[in-house]
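Asks: To start, I am sharing the structure in question, which I have written as structure tokens.
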Amino acid sequence: MKKKSVSILGVTGSVGQSTADVIASDPYRFNVDVITANKDWEGLAREARRLRASRVVLADEQFAEPLSDALKDEEIVVHAGEKALEECVAPNTDITVAAISGFAGLKPLMYAMTKSYAVGIANKEPLVAAGPLIMETARQFSTQILPIDSEHNAVFQVFDFDNPENVKRIILTASGGPFLRSSPEAIAVATPEQAVAHPNWDMGAKISVDSATMVNKALEIIEAHVLFEMPAEKIEVLIHPQSVVHSFVEYHDGSLLSQMGPSDMRTPIAHALAWPERMETGGEKLDLAALNGLTFEEPDYDRFPALKMAYACMEQGQAACLTFNTANEVAVEAFLQREIAFPDILKSIEYAIQNQPDIKLDTIDSVIKAHHTVRTVTQDYINQKTHNGTDQRKVGTS
Ligand code: NDP
0 MKKKSVSILG VTGSVGQSTA DVIASDPYRF NVDVITANKD WEGLAREARR
50 LRASRVVLAD EQFAEPLSDA LKDEEIVVHA GEKALEECVA PNTDITVAAI
100 SGFAGLKPLM YAMTKSYAVG IANKEPLVAA GPLIMETARQ FSTQILPIDS
150 EHNAVFQVFD FDNPENVKRI ILTASGGPFL RSSPEAIAVA TPEQAVAHPN
200 WDMGAKISVD SATMVNKALE IIEAHVLFEM PAEKIEVLIH PQSVVHSFVE
250 YHDGSLLSQM GPSDMRTPIA HALAWPERME TGGEKLDLAA LNGLTFEEPD
300 YDRFPALKMA YACMEQGQAA CLTFNTANEV AVEAFLQREI AFPDILKSIE
350 YAIQNQPDIK LDTIDSVIKA HHTVRTVTQD YINQKTHNGT DQRKVGTS
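Just so we're aligned, residue 0 is where the sequence shown starts under numbering that gives the first Met the number 0, counting upward by one.
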């Protein structure tokens with residue numbers, strides 16, 4: 000079997016590590032070309048050795064020297080800096096896994112789409128901020144997009160791409176996050192430690208907070224709208240606390256097709272890496288007999304207003320979707336730094352959407368400009384809050 004060439008953007012993160020684990024479990028299947036990280040030079044060096052990568056790229060240049068030292072006995076090419084990251088994927092790469100967290104992944108992803116035959120996308124924020132541009136690039140370069148986000152990977156596996164008119168709706172499942180049953184009073188004083196403690200999934204800090212606010216599901220609604228080119232009214236959410244059914248596609252005849260699996264990102268990652276074939280993951284398998292029932296319920300839109308905000312943004316257009324994503328990134332950073340309280344995340348997003356930029360988002364440069372404008376607007380709002388009266392307090396630890 001010919002080996003697939005793979006590159007991993009964000010190898011040191013939660014999805015990146017799971018990707019590395021899947022590849023390491025079947026090393027004869029893959030040749031790892033470039034792997035990247037932001038600051039974690041030790042993790043990057045460790046993965047470079049484990050995966051026998053050809054090249055490494057560290058976005059933060061200040062750690063380039065220790066990284067080079069750590070790899071001096073290996074034949075691994077070391078690059079550093081943002082420009083190196085943005086253009087790191089080599090031509091004719093079979094698959095690039097996009098696993099950087101947040102908007103920072105946009106430029107490397109766009110470049111990878113012009114060089115790779117397929118991209119496995121976990122990094123949902125660029126899809127929300129610049130979905131039309133990404134899809135247009137995929138069409139232009141005939142790049143196969145393979146969703147890695149577990150819900151979208153599930154939909155991809157059961158979606159009739161040849162006859163999309165047969166699809167009645169997509170139902171994205173949501174675990175509900177750590178505050179599904181918490182009182183509004185408890186949610187109001189939630190700490191970063193409580194917010195990142197997801198009941199089912201072990202993920203990076205940002206997406207864990209997004210799960211707690213349900214902004215993650217809101218981003219996923221927009222992500223599904225982009226990836227499957229479905230109108231907003233055909234995308235719904237159901238709470239499914241067990242995280243076993245990873246989403247449904249309902250057809251007009253009443254058939255509901257779903258993909259089930261363990262709460263283990265190695266399954267959707269392996270699906271993307273091996274596609275159109277299948278491979279072992281080295282991970283857990285679902286034990287149906289041991290399941291204690293599967294439950295589904297309507298989300299509480301009043302307690303988790305992020306979901307409604309996603310639909311409103313899709314109706315308003317691309318600038319609103321970008322603003323939703325960017326404001327959330329700024330607010331989550333502030334929450335994790337204990338500068339704002341948990342409910343202030345959504346208040347910050349609301350404020351930013353009311354003040355969204357009036358910019359045509361038809362180029363990467365215009366998207367990046369809008370992103371920076373929204374960052375400033377949101378940061379100003381947060382600064383004002385933290386320097387005013389009752390909000391002038393650090394949020395306590397648990
Ligand atoms: P992590 O925070 O665990 O990892 C992020 C990765 O991106 C790290 O390798 C990090 O490098 C790198 N990175 C962060 N910022 C930058 C930057 N400015 N420039 C370059 N590299 C950067 O995130 P996750 O793995 O949890 O999530 C990654 C993406 O996948 C997100 O978009 C998330 O929404 C999505 N996703 C995650 C899931 C999960 O289970 N974790 C499930 C589904 C989707 P360093 O380590 O050096 O900081």
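Note that beta-carbon positions come from the ideal geometry of N, C-alpha and C, so glycine has one too.
Would you check whether the ligand NDP has a heavy atom nearer than 7 Å to the C-beta of Met-313?
Replies: no
Asks: Could you tell me the alpha carbon to alpha carbon distance between Leu-70 and Leu-43, rounded to whole angstroms?
Replies: Inter-residue distance for Leu-70 and Leu-43 is about 10 Å (C-alpha atoms, whole angstroms).
Asks: Suppose you measure from the CA of Ala-187 to the CA of Arg-138; what does that come to, to the nearest Å?
Replies: 44 Å
Asks: Between which residues of its own chain and Pro-298 is the CB-CB distance below 7 Å, once the five residues before and five after are set aside?
Replies: Ala-173, Val-236, Ile-238 and Leu-306
Asks: Hey, how far is the Cα of Glu-222 from the Cα of Glu-74?
Replies: Looking at the two C-alpha atoms, the distance is approximately 39 Å.
Asks: Is His-197 helix, strand or coil when you go by DSSP?
Replies: coil
Asks: Grab me the residues of Asp-201's own chain with a C-beta within less than 8 Å of its C-beta, minus the 5 sequence neighbours each way, in chain order.
Replies: Ser-13
Asks: Cα separation between Ile-363 and Ser-246?
Replies: 31 Å
Asks: What does a CB cutoff of less than 7 Å around Pro-240 pick up in its chain, not counting 5 residues either side in sequence?
Replies: Hits under 7 Å: Ser-174, Gly-175, Leu-179 and Thr-294.
Asks: Could you tell me the alpha carbon to alpha carbon distance between Glu-349 and Met-0, rounded to whole angstroms?
Replies: When rounded, the distance between both Cα atoms is 52 Å.
Asks: Could you check whether Lys-114 and Ala-89 sit closer than 8 Å to each other, using their CB atoms as the reference points?
Replies: yes
Asks: Where are the alpha helix (DSSP H) runs, 4 residues long or more, that stay fully inside the segment 59 to 90, in chain order?
Replies: 63 to 69 and 81 to 85
Asks: Checking 8 Å against the spacing of the C-beta atoms, do Gln-258 and Ala-129 come in under that value?
Replies: no
Asks: If we call anything under 8 Å between Cβ atoms a contact, is Leu-360 one with Leu-335?
Replies: Going by C-beta atoms, Leu-360 is not nearer than 8 Å to Leu-335.
Asks: Can the beta-carbon of Val-331 be found closer than 8 Å to that of Ala-351?
Replies: no
Asks: Is the beta carbon of Ile-14 within less than 7 Å of some heavy atom of the ligand NDP?
Replies: In the sequence as presented, Ile is not what sits at residue 14; that position holds Val. Answer for Val-14: yes, Cβ within range of the ligand NDP.
Asks: Verify whether the separation of the beta carbon atoms of Ala-98 and Thr-18 is less than 8 Å.
Replies: Yes; because the gap between Cβ atoms is below 8 Å, this pair is in contact.
Asks: Would Ala-121 pass as a contact of Ile-220 if the rule is Cβ separation under 8 Å?
Replies: Contact: no.
Asks: Ordered along the chain, which non-local residues of its own chain (more than five positions away) have a Cβ less than 7 Å from that of Ser-4?
Replies: Cβ neighbours of Ser-4 beyond the five flanking positions: Asn-30, Asp-32, Thr-92 and Asp-93.
Asks: Give, in chain order, every unbroken run of the beta strand (DSSP E) that is at least 3 residues long and sits entirely within the segment 205 to 275.
Replies: 234 to 238, 244 to 250 and 255 to 259
Asks: DSSP three-state label for Ile-99, please.
Replies: Secondary structure at Ile-99: coil, using DSSP grouped into helix, strand and coil.
Asks: The beta strand (DSSP E) spanning Val-5 covers which residue range?
Replies: 3 to 8
Asks: What are the boundary residues of the alpha helix (DSSP H) that Ala-27 is part of?
Replies: The question names Ala, but residue 27 in the sequence shown is Tyr. Boundaries for Tyr-27: no alpha helix (DSSP H) harbours it, and the DSSP string shows neither H nor E there.
Asks: With 16 other CB atoms within 10 Å as the buried threshold, where does Arg-392 fall?
Replies: Bear in mind that the predicted position of Arg-392 carries a pLDDT of just 43, short of 50, making it unreliable; the figure below should be weighed with that in mind. Under this definition Arg-392 is an exposed residue.
Asks: Apart from the five residues just before and just after Asp-263, which ones in its own chain have a Cβ nearer than 6 Å to its Cβ?
Replies: Gly-282 and Glu-283
Asks: When every heavy atom of the ligand NDP is checked, does at least one fall within less than 7 Å of the C-beta of Ala-173?
Replies: no
Asks: Check this for me: beta carbons of Glu-249 and Lys-368, under 8 Å apart or not?
Replies: Between Glu-249 and Lys-368, the CB-CB gap reaches or exceeds 8 Å.
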